[in-house]
Amino acid sequence: MSASEPVFAVVGPGAVGGLFAWLLSRAGHDVVAVGRPATVAAIHADGIEVRSATFGDGVERVSASAEVPEGASVIVTTKAYGLEDVLPGIAAARPSEVVSFLNGVEHMGPLREALPGVPVAGASVAVSALRASTTVIDHRSPFVNIEAPEAAGGFASVRALADAGPRVTVGGTEAEVLWAKFRLLSALALLTSYWRQSAGPALSEDPELTEAVVSEIAACSTAEGVPTSALDLVRVLHSVPGGLRTSLQEDLADGHPNELDALGGALLRSGARSGIPTPAIARIVAALGSNA
């Protein structure tokens, strides 16, 4: 690593953020995991351990801090509902650039408002990773696939992640990148959570409801400038392993904070802005909200 390379600050070292920090550290990059004090203390004591059939098993002694280093290249991997808590600290550090991997599509506005003059990009990641404990991560998928918009192709963090092992694809607009994941994730998350079943059974439990949800999501995406069809979304949904469970489903079942508003709520707001009826999504969001 040359002296001119930036410090990479991974804000939110959970399953995905911890994996990113571990991969960057293993590749020789200067990386700091930025989290809550208890998480920081645990990483100081134990490092970050990853168990992965793809990347191998091992412990990286990753630096950790409750504060974002001044001028860092920031990678945001919190849950969507956690952005408000970390945004002041990111802004105070005057970062050189910020790449967000948050789920949903509504977080980019607040990020840019808080960071005037800072290059900011929204990206997405496809990966299955779970925290076995605060500092131990099980990487379960045989891939880590990152999609970044064309405008982020020159970001140091995007280049570093590509160097560290994930498959990084750069292309398209930010809206295209975010909506591609948002369409799939929101459909899966809402239906698996509503039926309290894994993806296969949840998609087939009530074909009419599934069709309505998919059609409403496709219409919202198209109205937001990212055209797609219900048929295209159905094809992608049926490529998902039938045994998949979603984090929204797990968080709702456990009574934990969750991303229902960032997924279902965002779709309802998109539909309202565009004059698109979303009764099926509204039915699911209301049912899940009353059970939360």
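Going by numbering that gives the first Met the number 0, the residue at position 264 of the sequence shown is 263; the numbering climbs one at a time, nothing skipped. The C-beta atom is built at its ideal place from N, Cα and C for all residues, glycine as well.
Practice problem: Inspect the beta-carbon positions of Ser99 and Gly121 and report whether they are closer than 7 Å. | Solution: Your numbering for residue 99 matches position 100 in the sequence shown. Your numbering for residue 121 matches position 122 in the sequence shown. Yes.
Review point. Comparing alpha-carbon positions, which option in Glu59, Gly11, Ala37, Thr53 lies nearest Ile47?
Key: Your numbering for residue 47 matches position 48 in the sequence shown. Selected option, being the one with the closest Cα: Glu59.
With 16 other Cβ atoms within 10 Å as the buried cut-off, status of Arg166:
Taking the first residue of the sequence shown as position 1, residue 166 is located at position 167. Exposed.
**OP:** State the Cα-Cα distance for the pair Arg195 and Leu208, rounded to the nearest angstrom.
**Re:** Sequence index remark: in the sequence shown, residue 195 carries index 196 (1-based). Sequence index remark: in the sequence shown, residue 208 carries index 209 (1-based). Roughly 15 Å between the two C-alpha positions.
Notebook entry, point to check: Contact between the segment 171-182 and the segment 105-123: three or more CB pairs below 8 Å?
Noted result: yes
Would you kindly work out how many angstroms separate the C-alpha atoms of Gly164 and Gly274, rounded to a whole number? Position 165 of the sequence shown, counted from the start, is the residue given in the question as residue 164. Position 275 of the sequence shown, counted from the start, is the residue given in the question as residue 274. Cα to Cα, the separation comes out at about 43 Å.
- prompt: If you drop the 5 nearest sequence neighbours on each side, which residues of the same chain put their C-beta closer than 8 Å to that of Val213?
  reply: Position 214 of the sequence shown, counting from 1, holds the residue named residue 213. Closer than 8 Å at the Cβ level, and outside the excluded window around Val213, lie Ala186, Ala229, Leu232, Val233, Leu236.
Is there contact between the segment 9-28 and the segment 68-85, where contact requires at least three CB pairs shorter than 8 Å? yes
- Message: Between the alpha carbons of Thr277 and Glu210, how many angstroms are there, rounded?
- Response: Residue numbering aside, residue 277 sits at position 278 when the sequence shown is read from its first letter. Residue numbering aside, residue 210 sits at position 211 when the sequence shown is read from its first letter. If I take the Cα positions, the gap works out to 12 Å.
| query | Across which residues does DSSP place Leu129 in a beta bridge pair? | reply | Translated into the one-based positions of the sequence shown, residue 129 becomes position 130. In the DSSP output, where bridge partners are listed per residue, Leu129 has Asp137.
Within the segment 160-195, ranges of the alpha helix (DSSP H) (whole runs, at least 4 residues): 173-194
Exercise. Hey, could you find the ends of the beta strand (DSSP E) Arg50 is sitting in?
Key: Sequence index remark: in the sequence shown, residue 50 carries index 51 (1-based). Note, Arg50: beta strand (DSSP E), 47-51.
Ala52 versus Trp178 - alpha carbon distance | Residue mapping note: residue 52 aligns to position 53 of the sequence shown, counting from 1. Residue mapping note: residue 178 aligns to position 179 of the sequence shown, counting from 1. One C-alpha to the other measures close to 30 Å.
| message | Three Cβ pairs or more, each shorter than 8 Å: is that satisfied between the segment 281-291 and the segment 138-152? | response | no
Should Arg182 go down as buried or exposed, given a rule of 16 or more other Cβ atoms within 10 Å for buried? Here residue 182 is taken as the residue at index 183 of the sequence shown, counted from 1. Buried, since its Cβ has 16 or more Cβ neighbours within 10 Å.
### Task
Give a yes or no on contact between the segment 33-43 and the segment 103-113, applying the rule of three or more CB pairs nearer than 8 Å.
no
Quick check: what's the CA-CA separation for Ala161 versus Leu23?
Here residue 161 refers to the residue found at position 162 when the sequence shown is read from its first residue. Here residue 23 refers to the residue found at position 24 when the sequence shown is read from its first residue. If I take the Cα positions, the gap works out to 10 Å.
Review point. Using DSSP with H/G/I as helix, E/B as strand and the rest coil, what is Ser269?
Key: Mapped onto the sequence shown, residue 269 falls at position 270. The answer is helix: DSSP assigns Ser269 an H, G or I state.
To the nearest angstrom, report how far apart Glu83 and Trp21 are at their CA atoms. Counting from 1 along the sequence shown, the entry for residue 83 is found at position 84. Counting from 1 along the sequence shown, the entry for residue 21 is found at position 22. Computed Cα separation, rounded: 25 Å.
Check: Start and end of the alpha helix (DSSP H) containing Asn102?
Finding: For the purposes of this step, residue 102 is identified with residue 103 of the sequence shown, where counting begins at 1. Run containing Asn102: none; DSSP gives neither H nor E here.
*asked:* Please classify Gly254 as buried or exposed, where buried requires at least 16 neighbouring CB atoms within 10 angstroms.
replied: Locating residue 254 in the sequence shown gives position 255, where the first residue counts as 1. Answer is exposed; the Cβ neighbour count stays below 16.
**OP:** Over the uninterrupted alpha helix (DSSP H) stretch that includes Ser289, give me the two end residues.
**Re:** Numbered from 1 along the sequence shown, position 290 holds the residue referred to as residue 289. Taken as a continuous stretch (DSSP letters only), the alpha helix (DSSP H) holding Ser289 covers 278-290.
- Message: With a threshold of 6 Å on Cβ separation, who are the neighbours of Ala292 within its own chain once the five nearest residues in sequence on each side are excluded?
- Response: One cannot answer for residue 292 here, as it falls past the ends of the chain, which runs 0 to 291.
Segment limits, alpha helix (DSSP H) that includes Ile89: Residue mapping note: residue 89 aligns to position 90 of the sequence shown, counting from 1. Its alpha helix (DSSP H) spans residues 82-91.
For this session: Reducing DSSP to helix, strand and coil, say where Asp56 ends up.
Result: Counting from one through the sequence shown, the residue named residue 56 turns up at place 57. If DSSP states are grouped into helix, strand and coil, Asp56 belongs with the strands.
Residue range of the alpha helix (DSSP H) that includes Glu69
Numbered from its first residue, the sequence shown carries residue 69 at position 70. Careful: Glu69 lies outside any alpha helix (DSSP H) and carries neither H nor E.
Exercise. Starting from Ala261 and walking both ways along the alpha helix (DSSP H), at which residues does that stretch end?
Worked result: Locating residue 261 in the sequence shown gives position 262, where the first residue counts as 1. No alpha helix (DSSP H) contains Ala261, which DSSP labels as neither H nor E.
Reference Val225; option with closest CA among Asp29, Glu204, Val104: On the sequence shown, residue 225 is found 226 positions in, with the first residue counted as 1. For the residues Asp29, Glu204, Val104, the minimum Cα distance to Val225 belongs to Val104.
- Task: Starting from Gly121, follow the alpha helix (DSSP H) in both directions and report where the run begins and ends.
- Result: Counting from one through the sequence shown, the residue named residue 121 turns up at place 122. Taken as a continuous stretch (DSSP letters only), Gly121 belongs to no alpha helix (DSSP H), being part of the beta strand (DSSP E) at 119-121.
Inset, instruction - Would you kindly work out how many angstroms separate the C-alpha atoms of Leu259 and Tyr193, rounded to a whole number? - result: By one-based count along the sequence shown, residue 259 stands at place 260. By one-based count along the sequence shown, residue 193 stands at place 194. Each residue's Cα considered, the two are about 11 Å apart.
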